[in-house]
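Respectively, the protein sequence lines represent chains A and B. Following this note's numbering, the numbering of the first sequence begins with 8 at its first residue and continues without gaps. Following this note's numbering, the numbering of the second sequence begins with 106 at its first residue and continues without gaps. Virtual Cβ for every residue (Gly too), placed ideally from N, Cα, C. Okay, structure first, notes after.
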Amino acid sequence: MHPFLQSLAGGVLIGLASAGLLLVNGRIAGISGILSNALTVRPGLWRWAFLGGLLAVGGALAWRAWPVPAALTAQAPAGLAVAGLLVGLGTQLGNGCTSGHGVCGLSNLSLRSLVATSVFMVAAALTVFATRHGAAFIGLVR
Amino acid sequence: MRVLCAVLFGALFGLGLLISGMLDPAKVLGFLDVAGAWNPQLAFVMGGAIAVAAPVFLIARRRERTLLGDPLELPDRRRLDWRLIAGAAIFGLGWGLSGICPGPGLVLLGFAGMPAWIFAGGLIVGLVAARGLLPRPDPGEAG
């Protein structure tokens with residue numbers, strides 16, 4: 008299957024899961040929010056159930072000895088820790104991530120989510136520009 | 106029933122992340138690298154997800170109850186504030202550094218070993234720290 012079609016199919020599954028959680032559980036499928044609230048004193052069983060389903064996919068992949076992405080193992084541990092910390096701080100402060108704002112919020116025609124999605128997309132693209140092309144851009148290397 | 110469905114939706118979400126290519130930081134960073142060898146593939150993930158979810162959200166806006174009769178409340182906050190903007194910018198910085206957002210970060214935990222645990226550890230510390238340092242604007246579900 009063409010990679011574009013494969014991504015489209017994966018996106019459709021994510022959309023179906025988000026639609027289902029809304030219609031059946033009455034909840035927004037925002038991963039950062041679900042995870043954050045799952046760590047509170049009274050998390051609600053549905054949150055851990057949803058996270059359990061998500062984690063089970065990773066478990067199934069381990070069982071099938073799925074290859075670990077080289078682009079993950081190549082990263083310095085300290086860099087991963089800092090990146091994870093920033094993702095956690097940012098999504099808690101901004102009330103959402105790629106799923107909550109990017110999929111559910113935009114589907115709900117939320118202006119807040121449109122602004123948030125635009126900001127994190129631009130910030131992420133600028134970060135990649137700085138790490139990949141920054142040195143060449145300021146003339147350190149050619 | 107509700108819990109069983111939530112497990113199913115979580116698994117479906119994770120399967121979608123796998124099939125779509127979102128679990129591979131190389132693809133994510135390639136999508137974000139608009140000035141380099143830009144790979145537009147992952148634009149189709151959000152496109153496909155919204156194409157399916159948006160009609161359902163529009164229907165849900167007119168309903169007050171879920172299919173099982175529980176209250177259904179969609180977020181209706183409208184105010185744009187510094188928290189939203191700063192939070193999104195900080196998230197974008199972390200996403201652009203690693204190529205991992207929260208959903209893929211959790212799926213990777215199952216099979217990617219130590220690097221995934223380090224990222225998820227940072228993620229959880231960040232979520233809890235921000236929650237502890239800042240008063241929440243409302244008790245509603247975050248995104």
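(message) Less than 7 Å between C-beta atoms, sequence neighbours within five positions excluded: which residues of the same chain meet that for residue 32 of chain A?
(response) 53
(request) May I ask which residues mark the beginning and end of the alpha helix (DSSP H) holding residue 176 of chain B? (result) From DSSP, residue 176 of chain B is part of no alpha helix (DSSP H); its letter is neither H nor E.
(request) Taking residue 201 of chain B as the reference, give the member of A:148, A:132 and A:20 with the closest Cα. (result) A:132
(message) Against chain A, does residue 124 of chain B count as a neighbour if the rule is that its beta carbon must be under 8 Å from one of theirs?
(response) yes
(message) With a threshold of 8 Å between beta carbons, is residue 167 of chain B in contact with chain A?
(response) no
(request) Alpha carbon to alpha carbon, how far is residue 207 of chain B from residue 165 of chain B? Give it in angstroms, no decimals. (result) 25 Å
(message) For residue 181 of chain B and residue 235 of chain B, I'd like the C-alpha separation in whole angstroms.
(response) 22 Å
(message) The alpha helix (DSSP H) that contains residue 8 of chain A, what's its start and end?
(response) Premise fails: residue 8 of chain A is in no alpha helix (DSSP H) and is neither H nor E.
(request) With 8 Å as the limit, tell me which residues of the stretch 176-187 of chain B have their beta carbon closer than that to any beta carbon of chain A; keep them in chain order. (result) 176, 177, 178, 179, 180, 182, 183, 184 and 185
(request) Please check if any C-beta of chain B sits within less than 8 Å of the C-beta of residue 151 of chain A. (result) Nothing can be reported for residue 151 of chain A, as the shown portion of chain A is limited to 8 through 149.
(request) Name, in chain order, the residues that DSSP records as bridge partners for residue 170 of chain B. (result) B:176
(request) Measure the CB-CB distance between residue 61 of chain A and residue 231 of chain B and report whether it falls below 8 Å. (result) no
(message) Suppose you measure from the CA of residue 111 of chain B to the CA of residue 173 of chain B; what does that come to, to the nearest Å?
(response) 13 Å
(request) Can you grab the Cα-Cα spacing for the pair residue 132 of chain B / residue 27 of chain A, in whole Å? (result) 27 Å
(message) Taking the beta carbon of residue 240 of chain B as the centre, do at least 16 other beta carbons fall within 10 Å, making it buried, or is it exposed?
(response) exposed
(message) For a test of the three-state rule: what should DSSP assign to residue 98 of chain A, helix, strand or coil?
(response) helix
(request) Please classify residue 146 of chain A: does DSSP put it in a helix, a strand, or coil? (result) coil
(request) Throw me the rounded Cβ distance for the residue 129 of chain B and residue 139 of chain A pair, which I believe falls under 8 Å. (result) Not a contact, Cβ separation roughly 17 Å.
(message) I want to see whether chain A comes within less than 8 Å of residue 240 of chain B, judged by CB atoms only; does it?
(response) no
(message) Taking 8 Å as the limit between beta carbons, can you name the residues of its chain near residue 55 of chain A, skipping five residues before and five after?
(response) 45
(request) Check whether the Cβ of residue 59 of chain A lies closer than 8 Å to any Cβ atom in chain B. (result) yes
(request) Return yes when the Cβ of residue 212 of chain B is within less than 8 Å of the Cβ of residue 134 of chain B, no when it is not. (result) no
(message) What are the residues in the stretch 77-96 of chain A lying within 8 Å of chain C by C-beta distance?
(response) Among the protein chains in the structure shown, which are A and B, there is no chain C.
(request) Using a Cβ cut-off of 7 Å, pull out every chain B residue sitting near residue 135 of chain A, in sequence order please. (result) 134, 137, 138 and 201
(message) Rounded to the nearest angstrom, what separates residue 72 of chain A and residue 127 of chain B at their Cα positions?
(response) 18 Å
(request) Note down the Cα distance separating residue 15 of chain A from residue 152 of chain B, rounded to an integer number of angstroms. (result) 7 Å
(message) Using 8 Å as the threshold, is the C-beta distance between residue 210 of chain B and residue 78 of chain A below it?
(response) no
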